[in-house]
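Colleague: Sequential numbering from 1 applies to the sequence shown in the UniProt record's numbering.
Take this structure first; my questions come after.
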Amino acid sequence: MSVAPPKPSTSTVITRRTPSVTRKRKSPMCCKVCNDEILNLNFGAQVCRACASFYKRTYLENKKYRCITGFHNCNIDHEGSKAGKCKACRYEKCQQTNIQIKENFKSPTRPQPVTKLNEGKLIGQMIKGHAKYLQTQFDKLKILHPDVIFSDDVFITPIKLEVLRLNCTTVKDMLEMFIDHFGPFNKLERNDQIKAVRKSFTEMRVLNECYLSAKYCPSIEDTRLVPAPGYFYDPGNIDPAWYLQGVMEGKDLLLYEKLMKPLNEKLQMVARKAKLADITQVDTVVIAMIILWKNIENNGLMTSELNDFKNKVMIEWTEDINRRYQGNSAEILQGKMLFYGEVDNIAIEMCHNLLQLKLLRKAIPKPSDCCIEKALLT
């Protein structure tokens with residue numbers, strides 16, 4: 001399915017309504033979806049804020065749900081948490097209320113296949129491994145969301161805990177990608193391989209997020225980020241309490257806002273530079289190799305075979321850039337390397353701020369908190 005590139009989001013942040021606030025005053029209206037009391041219309045319909053927000057997210061993200069009973073007559077009254085209610089029946093009731101949504105943007109879409117570039121033999125192998133890794137990410141993401149029917153045009157906004165879980169369940173797949181497709185990396189001792197990937201992980205995550213954001217949200221004005229195939233989010237248009245549920249709460253939310261919000265804005269800028277520098281999958285795997293080899297060298301593990309492989313890949317990359325950008329290759333290569341420098345800088349800052357966050361947070365880290373090092377060793 002081919003659609004026009006999505007426009008950037010201009011919608012307001014959706015925050016949770018506090019039931020105790022609205023129920024202090026008598027209301028003559030009830031939500032036509034869940035029968036909760038309401039004081040006013042939402043999106044032009046007689047529905048509560050929670051149901052209106054649910055409908056908006058489902059519609060804009062093009063989600064598809066299955067009825068948990070198959071009869072499409074489930075009880076979705078407001079008593080108790082709505083989290084366990086049938087989403088298919090809730091959405092169907094929302095549709096009947098004529099909720100009015102302004103289509104500020106649609107879900108990101110997967111671009112149509114393009115003619116394969118004549119990349120070099122070594123880079124071709126690296127791309128094969130990277131494509132397999134991304135497909136594995138998507139396959140495991142679908143397992144984390146069994147109630148969502150994913151297709152080419154279905155991207156959902158995850159909470160932070162879901163992103164952490166995906167990172168933990170796929171970091172070993174990243175390791176296997178490097179072992180199977182990045183030349184003599186497979187000749188290092190297993191512990192040395194793990195150490196190199198652990199040291200490289202934050203940069204790799206930033207690099208992949210920028211590449212995927214440029215691929216699926218290619219407009220320069222689009223501020224949305226794509227951390228994995230099937231996920232997208234807009235850092236400036238997300239409720240922290242919702243996003244961080246199960247990870248942080250209370251005063252720790254303010255600490256997260258102080259330390260991480262500026263970094264999210266910087267990440268959006270780096271993703272924009274990926275678009276300006278025309279970062280393709282060829283560029284992504286080469287930069288991934290540069291990152292990994294840098295940490296191998298920092299650990300004192302560089303060999304002549306690893307160095308020779310790197311030099312051959314860099315020659316292939318230069319030849320590929322010459323083919324793609326005839327007559328302007330030197331400037332283009334400089335732009336791509338400047339992008340790599342931005343990835344390196346923000347990854348360092350992220351590690352520094354995350355360490356501060358761990359030290360200063362009031363609550364004890366939850367068992368669900370992701371530990372990449374442990375995930376690599378299990």
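Glycine included, every Cβ here is placed at the ideal spot set by N, Cα and C.
Predicted model only: the values in this text are computed from it and were never measured.
1) If I'm right that Arg198 touches Leu306 with Cβ under 8 Å, what's the distance once you round it to whole angstroms?
2) Provide the residue span of the alpha helix (DSSP H) that contains Ile270, from first to last.
3) Would you give the residue range spanned by the beta strand (DSSP E) that Leu175 belongs to?
4) Examine the Cβ distances between the region 323 to 341 and the region 277 to 293 and report whether three or more of them are shorter than 8 Å.
5) If you draw a straight line from the alpha carbon of Cys371 to that of Ile346, how long is it in whole angstroms?
6) How far does the alpha helix (DSSP H) with Leu244 in it extend, from its first residue to its last?
7) Where does Ala330 land, buried or exposed, given buried means 16+ other C-beta within 10 angstroms?
8) Per DSSP, what kind of secondary structure is Tyr65 in: helix, strand or coil?
9) On the three-pair Cβ rule with 8 Å, is the region 168 to 184 touching the region 238 to 255?
10) May I ask you to list the residues that DSSP assigns as paired with Cys30?
11) Can you find the residues in the same chain that come closer than 7 Å, C-beta to C-beta, to Tyr256, ignoring five residues on each side of it along the sequence?
12) Nearest to Leu267 by alpha carbon, out of Glu37, Glu189 and Pro227?
13) With H, G and I counted as helix, E and B as strand and the rest as coil, what does DSSP make of Ile149?
14) Do you know whose CA, among Ser304, Val206, Ile99 and Lys294, lies nearest Phe54's CA?
15) Fully enclosed by the region 200 to 229, which alpha helix (DSSP H) runs are 4 residues long or longer?
16) Distance, Cα to Cα, Glu79 vs Arg205?
17) Count the CB pairs spanning the region 120 to 134 and the region 148 to 161 that are closer than 8 Å, and state whether there are at least three.
18) Do you know how far the Cα of Phe309 is from the Cα of Gly183?
19) Among Trp317, Leu292 and His145, which has the Cα closest to the Cα of Thr196?
20) Enumerate in chain order the residues of its own chain whose CB-to-CB distance from Glu265 is below 8 Å, with the five nearest sequence positions on each side excluded.
21) Distance check for Gln326 and Ile159, CA to CA, integer angstroms please.
22) State the CB to CB distance for the pair Tyr231 and Arg224, rounded to an integer number of angstroms; the pair is presumed to be in contact (CB under 8 Å).
23) Which word fits Glu373, buried or exposed, when buried means at least 16 other C-beta atoms lie within 10 angstroms of its C-beta?
24) Return the CA-CA distance between Leu166 and Asp222, expressed in angstroms with no decimal places.
25) On the criterion of 16 or more Cβ atoms from any shown chain inside 10 Å, does Arg190 qualify as buried, or is it exposed?
26) From which residue to which residue does the beta strand (DSSP E) around Phe71 run?
27) Kindly identify the DSSP beta-bridge partner or partners of Ile45.
28) May I have the straight-line CA-CA distance separating Phe105 from Leu60, to the nearest angstrom?
Modeller: Concretely, from the data shown:
1) Their Cβ separation, rounded to whole angstroms, is 18 Å, which puts Arg198 and Leu306 out of contact at 8 Å.
2) At residue 270 the sequence reads Val, which differs from the Ile that was named. Run containing Val270: Lys251 to Leu276, per the alpha helix (DSSP H) assignment.
3) Counting along the chain, Leu175 falls outside any beta strand (DSSP E), though it belongs to the alpha helix (DSSP H) covering Lys160 to His181.
4) yes
5) 20 Å
6) Here Leu244 belongs to no alpha helix (DSSP H), and DSSP marks it neither H nor E.
7) exposed
8) coil
9) no
10) Glu37
11) Pro240, Leu244, Met248 and Leu357
12) Pro227
13) coil
14) Ile99
15) none
16) 40 Å
17) no
18) 7 Å
19) According to the sequence shown, residue 196 is Ala rather than Thr. For the residues Trp317, Leu292 and His145, the minimum Cα distance to Ala196 belongs to Leu292.
20) Pro235 and Gly236
21) 43 Å
22) The Cβ separation is near 10 Å, so there is no contact.
23) exposed
24) 24 Å
25) exposed
26) Where Phe71 is concerned, there is no enclosing beta strand (DSSP E), given that its DSSP letter is neither H nor E.
27) With the sequence shown as reference, residue 45 is identified as Ala, and Ile is not the correct amino acid for it. Per DSSP, Asn42.
28) With a pLDDT of 47 at Phe105, under the threshold of 50, the predicted position of this residue should be treated as unreliable, though the coordinate-derived value follows. Distance between the alpha carbons of Phe105 and Leu60 is about 7 Å.
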